[in-house]
Amino acid sequence: MPDLQALVTDFVLKLKRRKIEGSQATAKQTAELLRQVVSQQRMPYTNQASVLIDAVRAVGEQLIAANPIELAVGNIVRRVLHIIREENLSSTTAAMEGLGLTAGSDDDEGEHEDRPGLSAAAVAAAARSTLRAPSLQTLLEDIPESVVAPHPSSSGGDSEGKSKSADRSSRSKKLKHDVIEAINELIQDIDTCHELISEQAVEHIHQNEVILTLGRSRTVKEFLCAAKEKKRSFRVFVAEGAPRYQGHVLAKELVGKGIQTTVITDSAVFAMISRVNMVIVGAHAIMANGGVIAPVGINMVALAAQRHAVPFVVVAGSHKLCPLYPHNPEVLLNEFKCPSDLLDFGEFSDCMDYGSLGGSPLLHVVNPAFDYVQPKLVSLFITDTGGHNPSYMYRLIADYYSADDLVVQRKATS
Amino acid sequence: MDPNPKPNHGISAYYKTRAEHHAIISGDWLAQAQAATAAGHPLEVPPASATALSAASKPFSIIDEFNHWRRKPDLAEAVAAIMALVAGIRSSDATTMMELEIELKKASDALKSWDTTSISLSAACDLFMRYVTRTSALEYEDFHAAKLRLIERGEKFGEISLKARRTIAMLGQDFIFDGCTILVHGFSRVVLEVLKLASSNRKLFRVFCTEGRPDKTGLGLSKELAALGIPVKLLIDSAVAYAMDEVDMVLVGADGIVESGGIINMMGTYQTALIAHSMNKPVYVAAESYKFARLYPLDQKDLEPALRPVEFGVPIPSGVEIEKSARDYTPPHYLTLLFTDLGVLTPSVVSDELIQLYL
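So the sequences go chain by chain: A and B.
Using the UniProt record's numbering, the first residue of the first sequence is number 1, and each one after it goes up by one.
Using the UniProt record's numbering, the first residue of the second sequence is number 1, and each one after it goes up by one.
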């Protein structure tokens, strides 16, 4: 599929060159690309889910490697893999229920031969549990490996074979169709995440409150504007968010909606925090332990908020929810941006010159893009599914992702 | 005639066994045990004496079985318990599932009352009982098939336990970065596995071991680590706060994980966690999931007292009391993450898992 390969290469290049701004746009384009991959994948008669999973993994691996800092890419890849497993499971259980009446003697499925005493219900239950994360309940059980994709081709008999082939081809089309439907739903969720989050604004912002934010997050902006539309009166302190100064842009937008706004420098946050009722910020990604990867400066705001017992609320769409645990987030999940944001190149060119003083300049400029905020500093997460505690994040992750997909690598022999 | 009188009043059998393990354990022993496991014959058949006993229609002694298994240094206490219960199933004359369950319940109660202080013992017994109850619900047509399946799964538990340690090692070694300093308290086989794997993945780190009086766990552990080529430093227990500045993370095992997400571990763990928390160092716990127990201690005195003898090297004058408790409880507030075979968990996930299992 040269067309597909060209699309993938194109997207990989865009990711490498950081041409796509923002997690929402990245997530949406990743989902659309994976939908293309799924729809253009040729499906064999057996083991369809594994073929799909392999195809998505192969593309996903390239995408994640292109921009490892943009966690939304990995999140969407894992969501799609989970969708494939789930759709496969629901179609398998439906098929098994159909075949369940013939459980026992004339077994078509290969795995039934090992377990003469098990009923089809037990096998289906075991199949369901392969999808769930490992748990204490299943610790002692032995889950047969072959449950994931039943092999009707192992049956004998031509007459059965003919009726089965019609069955199989309709089933193969159905799986693809279901997966593509689910991916469409996912894309829609990504699109509407801001609306769903903004609907909750009225519950959290009350009359005459003072809210602090840093930089500019589109989610925060829509959150505040929605509260304003419901006739809440409140004031906003916007910290400018050096060195990009996106806070200035946000301040202008808020004033346009009629919200009383005050612009402060990042250094003034600690001075002003005692006058503030609540801090609301956006996030780049939410990790599995409830920690937050956010634009630089937000860790400082979180610490100031904790010091003065001000609630620290993070708003983020569910495509930002990442199943990984941050081992070393300051190093591994951070990016360094251009020094010219801080220092004007013309003025400082002699200090930073590699040609003088033995080849190593005395002046360095460090411009990290992200901060890591510990989960204990966050009071509440507001996602499109509602408001949650940081210690609840693992539940959402278990809903959206499968444990097998944490490492997205094409298996050598599948 | 009771061949196994209850152990000395007050001395916890569990901690006595651990002390024995530490005395004899060494790298070669571990290698031998693991080689034996890998060879596909995970656990020997119980000694002829036990089978002879049951053949002679003597009451089958579950305590005997348990004692036989738990003396093996590489075997977790929970595995020994389940092996004993499996032997109980094998030698039972029950003909229905209900009868078998009642017999097993009696055996499990006997084990639990024999050593009331061991948490992994009672947790493993409960887990196995739970599994037995649920298996019978799976409509096995044949009682014997069901019985065979129970025996098979129970025997596999030893492998499950070893596999669990490997999973935990894999998850835990991700958190060890180059150049880090790890403080370890107590001698947990799981923690040793984590450090071994990290070292074989060519990570450069050093370990501080607390001495672990009076069990001398630090000496045993530092010997193992030195054999692996990991730089080790021994500290006396009082030097933990002094050294905490240089430490990047604390790694401990657990004797039991309670419902609140806190842990019960060797005496000194609570103090180490308190110090680490006040200096903002992460505390990681490496433990298998079958150590989750339905306990909810609110403070140190809520635990079943587990005592063991403390030697001071000189005779203690009369009228002087000695604190002999072997373990303490660390509240979940001071723990950062738990590495278990169910994945990396925050302490709040523990009660969720327990609820799923029991309710």
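Each residue gets a CB set at the ideal place from its N, CA and C atoms; glycine is no exception.
Residue i, buried or exposed, once every other Cβ within 10 Å from all chains shown has been counted against 16
i, result
"A/GLY157", "With a pLDDT of 39 at A/GLY157, under the threshold of 50, the predicted position of this residue should be treated as unreliable, though the coordinate-derived value follows. Exposed."
"B/MET279", "exposed"
"A/SER360", "exposed"
"A/SER154", "At A/SER154 the pLDDT is 37, less than 50, meaning the model places this residue with poor confidence; the figure from the coordinates comes in the next sentence. A/SER154 should be labelled exposed."
"A/TYR245", "exposed"
"B/ASP215", "buried"
"A/ILE53", "buried"
"B/ALA48", "Note that B/ALA48 scores 38 on pLDDT, short of 50, meaning its location in the model is unreliable and no value can be drawn from it."
"B/TYR358", "exposed"
"A/HIS194", "buried"
"A/CYS338", "exposed"
"A/LYS221", "buried"
"A/LYS252", "exposed"
"B/ARG327", "buried"
"A/MET287", "buried"
"A/ASN75", "buried"
"A/ASP350", "exposed"
"B/GLY229", "exposed"
"B/LYS58", "In this prediction, B/LYS58 scores a pLDDT of 44, lower than 50, which makes its location untrustworthy; no coordinate-derived value is stated."
"A/VAL407", "exposed"
Per DSSP, cross-strand counterpart(s) of residue i
i, result
"A/TYR45", "Partner(s): none; A/TYR45 has no beta bridge."
"A/LEU214", "A/ALA239"
"B/ASP328", "B/ASN265"
"B/THR210", "B/LEU235"
"A/LEU321", "A/ILE286"
"B/TYR284", "B/LEU251 and B/LEU337"
"B/ILE182", "B/VAL207 and B/MET249"
"A/THR265", "DSSP output for A/THR265 lists no bridge partner at all."
"A/TYR400", "Partner(s): none; A/TYR400 has no beta bridge."
"A/GLY386", "A/THR383"
"B/PRO315", "Answer by DSSP bridge pairing: none, since B/PRO315 is not bridged."
"A/GLU209", "A/PHE234"
"B/GLY343", "B/THR340"
"B/TYR296", "According to DSSP, B/TYR296 bridges with nothing at all."
"A/ASP189", "BP columns for A/ASP189 are empty, so no partner."
"A/ASP371", "A/ALA294"
Close-in-space but distant-in-sequence residues of the same chain around residue i (CB under 7 Å, 5 per side omitted)
i, result
"B/THR167", "ASP341"
"A/ARG275", "VAL210"
"B/MET129", "LEU104, LYS105 and SER108"
"A/LYS16", "ALA66 and ASN67"
"A/GLN207", "ARG232 and SER233"
Per-residue contacts from residue i into chain B (C-beta, under 9 Å)
i, result
"A/ASN334", "Per Cβ cutoff of 9 Å: no residues; A/ASN334 is ~14 Å from chain B at best."
Neighbourhood of residue i by C-beta, 6 Å cutoff - its chain only, sequence neighbours within 5 removed
i, result
"A/SER402", "HIS82 and ARG85"
"B/ILE176", "ALA198, LYS203 and PHE205"
"B/TRP114", "ILE63"
"residue 365 of chain B", "Nothing in the structure corresponds to residue 365 of chain B, since chain B is present only between 1 and 359."
"B/SER289", "THR340, ASP341 and LEU342"
"B/ALA78", "SER120, ALA124 and TYR290"
"B/LYS233", "PHE208"
Chain-ordered neighbours of residue i on chain A, where CB pairs are closer than 8 Å
i, result
"B/LEU127", "LEU136, LEU139 and LEU140"
"B/PHE66", "Ordered by position in chain A, no residue passes the 8 Å Cβ test against B/PHE66, which lies about 18 Å from the chain."
Contact list for residue i against chain B, beta-carbon separation under 8 Å
i, result
"A/HIS327", "ASP174, PHE175 and PHE177"
Neighbourhood of residue i by C-beta distance below 8 Å, restricted to the same chain and skipping five residues each side
i, result
"A/LEU342", "PRO243, VAL365 and ASN367"
"B/ALA110", "ILE62 and ILE63"
"A/PHE348", "LEU363"
"A/GLY241", "LEU214, GLY215, ARG216, GLY247, ASP266, PRO295 and GLY297"
"B/MET267", "SER325, ALA326, ARG327 and ASP328"
Where residue i meets chain A, residues with beta-carbon distance less than 9 Å
i, result
"B/ILE160", "LEU139 and LEU140"
"B/PHE157", "LEU139 and LEU140"
Cross-chain neighbours of residue i in chain A, by beta carbon under 7 Å
i, result
"B/TYR131", "LEU140"
Item to check | Interfacial residues, the segment 368-392 of chain A to chain B, with Cβ spacing under 7 Å | outcome: SER391
Checklist entry - Residues in the segment 323-351 of chain B with C-beta within 9 Å of chain A's C-beta atoms, listed in sequence order? => result THR336, LEU337, ASP341, LEU342, GLY343, VAL344, LEU345, THR346, PRO347, SER348 and VAL349
Checklist entry - Mind listing which residues of the segment 290-305 of chain A have their C-beta closer than 8 Å to chain B's C-betas, in chain order? => result GLY290
Item to check | Members of the segment 268-295 of chain B near chain A, C-beta cut-off 7 Å | outcome: SER289, TYR290 and PHE292
Item to check | chain B contacts made by the segment 55-74 of chain A, where a contact means CB separation under 9 Å | outcome: none
Item to check | Contact set between the segment 395-406 of chain A and chain B, restricted to residues whose Cβ is under 8 Å from the partner | outcome: ARG395 and ALA403
Next on the checklist: Any C-beta of chain A within less than 7 Å: which residues of the segment 195-210 of chain B qualify?
Outcome noted: none
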